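**Q**
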Amino acid sequence: CEVVSKANCAKLKQGIAVRFHGEEGMGQGVVREWFDILSNEIVNPDYALFTQSADGTTFQPNSNSYVNPDHLNYFRFAGQILGLALNHRQLVNIYFTRSFYKHILGIPVNYQDVASIDPEYGKNLQWILDNDISDLGLELTFSVETDVFGAMEEVPLKPGGGSILVTQNNKELLLSGMPEIDVSDWIKNTEYTSGYEREDPVIQWFWEVVEDITQEERVLLLQFVTGSSRVPHGGFANIMGGSGLQNFTIAAVPYTPNLLPTSSTCINMLKLPEYPSKEILKDRLLVALHCGSYGYTMA
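Numbering follows UniProt numbering, in which position 49 of the sequence shown is assigned residue number 49; successive positions increment by one, without gaps.
Here you go:
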């Protein structure tokens, strides 16, 4: 095992030969046995690397693996063994969760992956997404409780998540996570009306602000104007309005002091006052987003 840990990738790809201590046998049968033994050890609970999921057959990384001081080295070794098995077409006696495989491959994980592990829990999450939770008194927050060696601890799903209530407007973020938003695609598929044009200073300031704000604030902006925190498959060109495809639209509104941006979600329209400076625009926009995202109607 030490030989594997210290070897470089090129050497490991060349081929492997295994001989157990005190035994003479070598060959593919011994190699298969070696992989079988190691795969069982990788999920051995004594190493605290992986835990069995709710379905009783698949494994997922153990959030408490830090109790093993060498857990990162062990994870690296486990990855090397699995990589060796793939490269040399060897079977291993481990089944991981679909979400873990997706994470390894760089494929976004979503709440629907939960259903493959725990169908009942997945069904409950889908119900929350499909129904209005405003008056149910669920008092959910952006946090989960987890068992840490017999004691229940609250783990935030985002900074300060334990104090952020889940509402009808932000529940999609809880279930689906923070989506990536392509600002260049957003700009490309935006229309302007009521006097605005792409070259206007206010519009240029607006897009500069969108570039400057955090990914979470971009999601709030998208939700504020369209009613959804997700970009549809195919990008902003496929955003739907109340009567079909409807591009994100920015409409000019005469400026008065303290006037906030408003929106009409049925037509994906942001009503943006003609602010005299970028600084005022950014300040008023963020106020609207952080108020509107928690249920105050601004449109």
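In this text, a Cβ means the ideal position worked out from N, Cα and C, and glycines have one as well.
Note that the structure is predicted; figures quoted are calculated from it, not measured.
Could you round the C-beta distance between residue 168 and residue 130 to whole angstroms and report it? I think they count as a contact, below 8 Å.
**A** Going by Cβ atoms, the distance from residue 168 to residue 130 rounds to 12 Å, so no, they are not a contact pair.
**Q** What do you reckon, are the CB atoms on residue 301 and residue 141 nearer than 7 Å?
**A** Absent from the model: residue 301. The displayed extent of the chain is 1 to 299, so no value can be given.
**Q** When you compare only the Cα positions, how much space is there between residue 39 and residue 92?
**A** Near 6 Å, if we compare the C-alpha coordinates of residue 92 and residue 39.
**Q** Among 61, 114, 48 and 35, which has the Cα closest to the Cα of residue 67?
**A** Looking at the Cα atoms, 48 is the closest of the given residues.
**Q** In whole angstroms, what separates the C-alpha of residue 96 from that of residue 275?
**A** About 53 Å.
**Q** If we require 3 or more residues per run, which beta strand (DSSP E) segments fall completely within the stretch 202-283?
**A** Fully enclosed beta strand (DSSP E) runs of 3 or longer: 248-253, 262-264 and 269-273.
**Q** Figure out for me which residue from 110, 205 and 210 has the closest Cα to the Cα of residue 186.
**A** Nearest of 110, 205 and 210 to residue 186, Cα basis: 210.
**Q** Classify residue 268: buried if its beta carbon has 16 or more other beta carbons within 10 angstroms, exposed otherwise.
**A** Buried, because 16 or more other Cβ atoms sit within 10 Å of the Cβ of residue 268.
**Q** Can you tell me which residues form a DSSP beta bridge with residue 61?
**A** Partner(s): 50.
**Q** With three or more beta-carbon pairs closer than 8 Å as the criterion, would you say the stretch 217-227 touches the stretch 198-206?
**A** Flag = no, the stretch 217-227 and the stretch 198-206 do not touch.
**Q** What did DSSP end up calling residue 78 once you bin it into helix, strand or coil?
**A** Three-state DSSP puts residue 78 in a helix.
**Q** Measure how close the beta-carbons of residue 81 and residue 42 come, nearest whole angstrom, since I'm counting them as under 8 Å.
**A** The Cβ separation is near 7 Å, so the contact holds.
**Q** Name the one or two DSSP bridge partners that residue 101 has.
**A** DSSP lists no partner for residue 101.
**Q** Apart from the five residues just before and just after residue 34, which ones in its own chain have a Cβ nearer than 6 Å to its Cβ?
**A** Taken in chain order, the residues that qualify are 18.
**Q** Please name the residue, chosen from 195, 190 and 51, that lies closest to residue 65 on a Cα-to-Cα basis.
**A** The residue with the shortest Cα to Cα distance from residue 65 is 51.
**Q** Quick one: does the C-beta of residue 61 sit closer than 6 Å to a heavy atom of the ligand GTP?
**A** In terms of ligand content, the structure shown is empty, and the ligand GTP therefore cannot be addressed.
**Q** Can you tell me which of the three DSSP states residue 142 falls into?
**A** DSSP places residue 142 in coil when its eight states are reduced to three.
**Q** Mind reading off the beta-carbon distance from residue 99 to residue 113? Whole number of angstroms is fine, and I expect it under 8 Å.
**A** Correct: roughly 4 Å between the Cβ atoms.
**Q** Buried or exposed: where does residue 279 fall if 16 or more other Cβ atoms within 10 Å of its Cβ makes it buried?
**A** Its Cβ having fewer than 16 others within 10 Å, residue 279 is exposed.
**Q** Looking at residue 153: is its Cβ nearer than 7 Å to the Cβ of residue 162?
**A** Against a cut-off of 7 Å, the Cβ pair of residue 162 and residue 153 comes out as no contact.
**Q** In angstroms, rounded to a whole number, what distance separates the CA positions of residue 212 and residue 264?
**A** Residue 212 and residue 264: Cα-Cα distance of roughly 24 Å.
**Q** Work out the CA separation of residue 36 and residue 73 for me, nearest whole Å.
**A** Going from the Cα of residue 73 to the Cα of residue 36 covers about 20 Å.
**Q** Give the DSSP bridge partners of residue 35, in chain order.
**A** Answer is none; residue 35 lacks a bridge partner.
**Q** Just how far apart, CA to CA, sit residue 216 and residue 83?
**A** Each residue's Cα considered, the two are about 35 Å apart.
**Q** Residue 273 and residue 259: beta carbons closer than 7 Å?
**A** Yes, the pair counts as a contact, with Cβ atoms nearer than the cut-off.
**Q** Do residue 189 and residue 237 come within 7 Å of each other at the CB atom, strictly closer than that value?
**A** In contact: residue 237 and residue 189 (Cβ atoms closer than 7 Å).
**Q** Mapping the DSSP letters down to three states, classify residue 151 as helix, strand or coil.
**A** In this structure, residue 151 counts as strand in the three-state DSSP scheme.
**Q** Which whole-angstrom value is the C-beta distance of residue 31 and residue 16, which I expect to be below 8 Å?
**A** Indeed, because the Cβ distance is near 6 Å, the residues count as touching under 8 Å.
**Q** Rounded to whole angstroms, what is the Cα-Cα separation between residue 241 and residue 232?
**A** Those two C-alpha atoms are separated by around 12 Å.
**Q** Taking the straight line between their C-alpha atoms, what separation do you get for residue 94 and residue 228?
**A** If you take the alpha carbons of residue 94 and residue 228, they lie about 39 Å apart.
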